[in-house]
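Residue numbers (my numbering), protein chains in the order written: chain A, 1 to 104; chain B, 1 to 104.
Glycine included, C-beta positions come from ideal geometry on N, C-alpha and C.
Number of protein chains: 2
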Amino acid sequence: MTGVEKQRLEYLAQIFKALSHPARLWIAESLLKQERCVHELVEELGLNFSTVSQHLSVLKQAGIIEDDKRGKNVYYRLKAVCVRSVIRCLEEGIANPHRKSGKE
Amino acid sequence: MTGVEKQRLEYLAQIFKALSHPARLWIAESLLKQERCVHELVEELGLNFSTVSQHLSVLKQAGIIEDDKRGKNVYYRLKAVCVRSVIRCLEEGIANPHRKSGKE
DNA sequence: TCGTCATTTTGCAATATAACAAAATGTTAA
DNA sequence: TTAACATTTTGTTATATTGCAAAATGACGA
């Protein structure tokens, strides 16, 4: 395995890891519909402020969401719109393992 | 969040987690091309037998690969063919965050 | 400026993951 | 049956992740 290939896999793994927690998946899907500020997510998720903030930073680090400070609040929104089709692809794909999906 | 919804997210998170390690991604992509038995993967990956076996079991548990004992060897192959398009979708989608991908 | 609000960062404890070596299992060949 | 091989399981250690509370930061309004 070349260094470039290793880097590619580590990068990709980071993205999968960011989506590998129920709370973060919930956040990503929630932001699919509309942007939200942190305290809204905290309320709806029922987790501690600091916990939610951590999850948000993992998603942001992976390039999946982006933030936007306006006034006192920080609004988060989905950056990687592909998340919607990736999730659908996986849900359908694991349910029907041998059926090809997407553009192939 | 309902119990059913929680279950769905945990299930999905498990699949993402299975793909969130470079070695496991490498294995999944390798099996995309053809089935392989464990010692081939061990050789190519340069990891310990037990380590590779663990990774394989994580992928199998998540429904991404399946195995097939033939003679002395255990052959692994990709079960969730969707992995190919999911990876492509993510790679393209994170590179071009705001472009929709897939079938939308 | 000072206090308050929204959020992030830090410190910490509990749990999960990753890797290896060694032991255990199961299969084939002699 | 026994030896050798392929793989999995177990035990262990190091590291990473998760979640909370408390402290720190930064912006706004009085």
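**OP:** Could you spell out where the beta strand (DSSP E) holding residue 81 of chain A opens and where it closes?
**Re:** Within the first sequence, residue 81 of chain A is the residue found at index 81, counting from 1. Element bounds for residue 81 of chain A: n/a, residue is neither H nor E.
Subject >> Short Cβ contact (8 Å threshold) for residue 45 of chain B with residue 38 of chain B >> reply: Along the second sequence, read from residue 1 onward, the residue named residue 45 of chain B stands at position 45. Along the second sequence, read from residue 1 onward, the residue named residue 38 of chain B stands at position 38. Not closer than 8 Å, so no.
Original post:
Just curious, the alpha helix (DSSP H) that residue 15 of chain A is in, first and last residue?
Top reply: By 1-based counting over the first sequence, the position of residue 15 of chain A is 15. Residues 3 to 18.
Subject >> Three-state class that DSSP yields for residue 99 of chain A in the structure shown >> reply: Numbered from its first residue, the first sequence carries residue 99 of chain A at position 99. Reduced to three states, the DSSP call for residue 99 of chain A is coil.
Original post:
Which chain A residues sit within Cβ distance under 9 Å of residue 79 of chain B?
Top reply: Counting from 1 along the second sequence, the entry for residue 79 of chain B is found at position 79. Correct list: 94, 97 and 98.
Subject >> Bounding residues of the alpha helix (DSSP H) (the contiguous stretch that carries residue 44 of chain A) >> reply: On the first sequence, residue 44 of chain A is found 44 positions in, with the first residue counted as 1. Taken as a continuous stretch (DSSP letters only), the alpha helix (DSSP H) holding residue 44 of chain A covers 38 to 45.
**OP:** Helix, strand or coil for residue 66 of chain A, going by three-state DSSP, please let me know.
**Re:** To locate residue 66 of chain A, count along the first sequence from 1; it is residue 66. It is a strand residue.
Original post:
What are the start and end residues of the alpha helix (DSSP H) that includes residue 61 of chain A?
Top reply: Position 61 of the first sequence holds residue 61 of chain A. Unbroken alpha helix (DSSP H) run through residue 61 of chain A: 49 to 61.
Original post:
Taking residue 97 of chain B as the reference, which of A:36, A:7, A:85 and A:89 has the closest Cα?
Top reply: Position 97 of the second sequence, counted from the start, is the residue given in the question as residue 97 of chain B. That would be A:85, whose Cα lies nearest to the Cα of residue 97 of chain B.
**OP:** Report the rounded CA-to-CA distance for residue 103 of chain B versus residue 32 of chain A, giving the unit in angstroms.
**Re:** Sequence index remark: in the second sequence, residue 103 of chain B carries index 103 (1-based). Sequence index remark: in the first sequence, residue 32 of chain A carries index 32 (1-based). Bear in mind that a pLDDT of 41 at residue 103 of chain B, under 50, signals an unreliable position, so the model cannot answer this.
Subject >> Stretch pair the stretch 76 to 95 of chain B + the stretch 10 to 18 of chain A: three plus CB contacts closer than 8 Å >> reply: yes
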